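Here's the structure, in structure tokens; my notes come after.
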Amino acid sequence: MKAIVQDTYGSADVLELRDVAEPVVGENEVLVRVRAAGAGPDVWHVMAGKPYFARLMLGFRRPKERIRGWDVAGTVEAVGAGVTRFAPGDEVMGVAPGSFAELAIGKADKLVPKPARLSFEEAAALPVSGVTALQSLRKAEVRPGQRVLVVGAAGGVGSLTVQMAKALGAHVTGVASTSKLELVRSIGADDAIDYTREDFTDGSRRWDVIVDTAGRRPLRRLRRALTPKGTLVIVGGDGGGRWTGGFFRGMLRGPLLSLFVGQKLGMISSKETQEDLQAVAELIEAGSVTPVIDRTFDLVEAADAIRYLEQGHPRGKVVVTV
Ligand SMILES: NC(=O)c1ccc[n+]([C@@H]2O[C@H](COP(=O)([O-])OP(=O)(O)OC[C@H]3O[C@@H](n4cnc5c(N)ncnc54)[C@H](OP(=O)(O)O)[C@@H]3O)[C@@H](O)[C@H]2O)c1
2 MKAIVQDTYG
12 SADVLELRDV
22 AEPVVGENEV
32 LVRVRAAGAG
42 PDVWHVMAGK
52 PYFARLMLGF
62 RRPKERIRGW
72 DVAGTVEAVG
82 AGVTRFAPGD
92 EVMGVAPGSF
102 AELAIGKADK
112 LVPKPARLSF
122 EEAAALPVSG
132 VTALQSLRKA
142 EVRPGQRVLV
152 VGAAGGVGSL
162 TVQMAKALGA
172 HVTGVASTSK
182 LELVRSIGAD
192 DAIDYTREDF
202 TDGSRRWDVI
212 VDTAGRRPLR
222 RLRRALTPKG
232 TLVIVGGDGG
242 GRWTGGFFRG
252 MLRGPLLSLF
262 VGQKLGMISS
272 KETQEDLQAV
282 AELIEAGSVT
292 PVIDRTFDLV
302 EAADAIRYLE
312 QGHPRGKVVV
322 TV
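Quick look at the structure:
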């Protein structure tokens, strides 16, 4: 089968389209014929092996998993002996390591039925970003009527966070660059701030909850935009340094500072559980959330998809079609 493979860490140039052996399904696994695979910063991090501390899990000199891709949407080709939830022909979405390929194996508990109203491309945009958006808002304990600020509101995670916060009954403000403000409003934000023209951390406006997916603004500035008892959930943002990727801002400094101030400052490390993949699918079925697709690239163009992502300004999600 055709797959996008890398032998070493590096730029998108290390990604090559090759013929590789088809994967063999294990007992609790599902073999998926891939129709579309999400391309997000998670793929970039594994490709580049950055931040370096991530290599503790990924492999020191080269990634243990040679085929890239994680988000998947496709059709079940075969199931392991222990799988009863799925049968060949079912349309599924979820995560499957090595989804930049014609076939990929996913654990049965990391897949859910694809919502019927979505195309494979739309479904592939959801697993990591949707679960991250859901878990961020849950961590912040968002309640109806609260004022929620989403930084990076036009990105893969941000565009879903805006819609889910609205579904929870919050008053939502999205932060994005000039050309994305219309998009941010169109997906339901009550208000949109252009971060190239306005500093939302100048203390003139405050929010009960900030979900921070971009920009890596210092904690002291983000705190100025939070109410005295407000909650900051750090999701990510590029440019945090090649060793730790700014991990300690949210993982250590935020929680430590929270012990001494009224605000809660923390980070999320999302996990694609079946329950939360299902919860995301239900929000889709209910019509509360619709994935935003920026561009699709063919499998053979996967490296270009990553180069496009590297520019740091997608409008929603980038998807690789197979
Ligand atoms: N913690 C976790 O479990 C978890 C899970 C998933 C993702 N992440 C991380 O979360 C981050 C966002 O992921 P994503 O998939 O949403 O990325 P993405 O699709 O690449 O979106 C990033 C967005 O950031 C915006 N942006 C860039 N610079 C900005 C700035 N200075 N201020 C405000 N917005 C800015 C861009 O929009 P403009 O064009 O408007 O600038 C873009 O839409 C990444 O760092 C990713 O690694 C973490």
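Counting from 1 along the sequence shown, just add 1 to a position and that's the residue number in my numbering.
C-beta atoms are modelled at their ideal positions from N, C-alpha and C, and glycine is treated no differently.
Here the structure is a predicted model, which means the values were calculated and not measured.
Taking a contact as a CB-CB distance under 8 Å, the pair Val-176 and Tyr-196 counts as one, their CB atoms being some 5 Å apart.
For Gly-255, the enclosing alpha helix (DSSP H) begins and ends at 255-259. Put simply, the stretch 84-91 does not touch the stretch 5-19. Fewer than three CB pairs are less than 8 Å apart. Val-151 sits in a strand when the DSSP states are folded into three classes.
Here Ser-205 is exposed. Its C-beta has fewer than 16 other C-beta atoms within 10 Å. Between Arg-69 and Val-44, the C-beta spacing is below 7 Å. In this structure, Ala-74 sits near Ala-124, with a CB-CB distance shorter than 7 Å. Contact between the stretch 298-317 and the stretch 31-49 is present, with at least three C-beta pairs closer than 8 Å. When Ser-259, Gly-238, Met-252 are compared, the shortest CA-CA separation from Leu-227 is found for Ser-259. Between Val-31 and Ala-82, the CB-CB gap reaches or exceeds 7 Å. Judged by the Cβ position, Ser-270 qualifies as a neighbour of ligand 1 at the 6 Å threshold, a heavy atom of the ligand being closer than this. The straight-line gap separating the alpha-carbon atoms of Pro-64 and Gly-50 is approximately 7 Å.
In the DSSP assignment, Ile-307 is bridged to no other residue.
Excluding the 5 residues flanking it on each side, Val-15 has same chain C-beta neighbours closer than 8 Å at Gln-7, Asp-8, Thr-9, Met-48, in chain order. Straight through space, the alpha carbons of His-46 and Ile-5 are spaced by roughly 15 Å. Nearest C-alpha to Arg-254 among Gly-238, Gly-231, Gln-275, Leu-220: Leu-220. DSSP places His-46 in the helix class (H, G or I) of the three-state scheme.
Only residues of its own chain outside the window of five on either side were considered, and among them Ala-40, Phe-298, Val-319, Val-321 have a CB closer than 7 Å to the CB of Ala-306, listed in chain order. Here the distance from the Cβ of Lys-51 to the nearest heavy atom of ligand 1 is not below 6 Å.
Minimum Cα-Cα distance from Ala-171 among the listed residues Val-149, Val-158, Thr-179 corresponds to Val-149. Residue state for Glu-78 is assigned as strand, using DSSP reduced to three classes.
Taking all protein chains shown into account, Asp-277 has 16 or more neighbouring C-beta atoms within 10 Å of its C-beta and is therefore buried.
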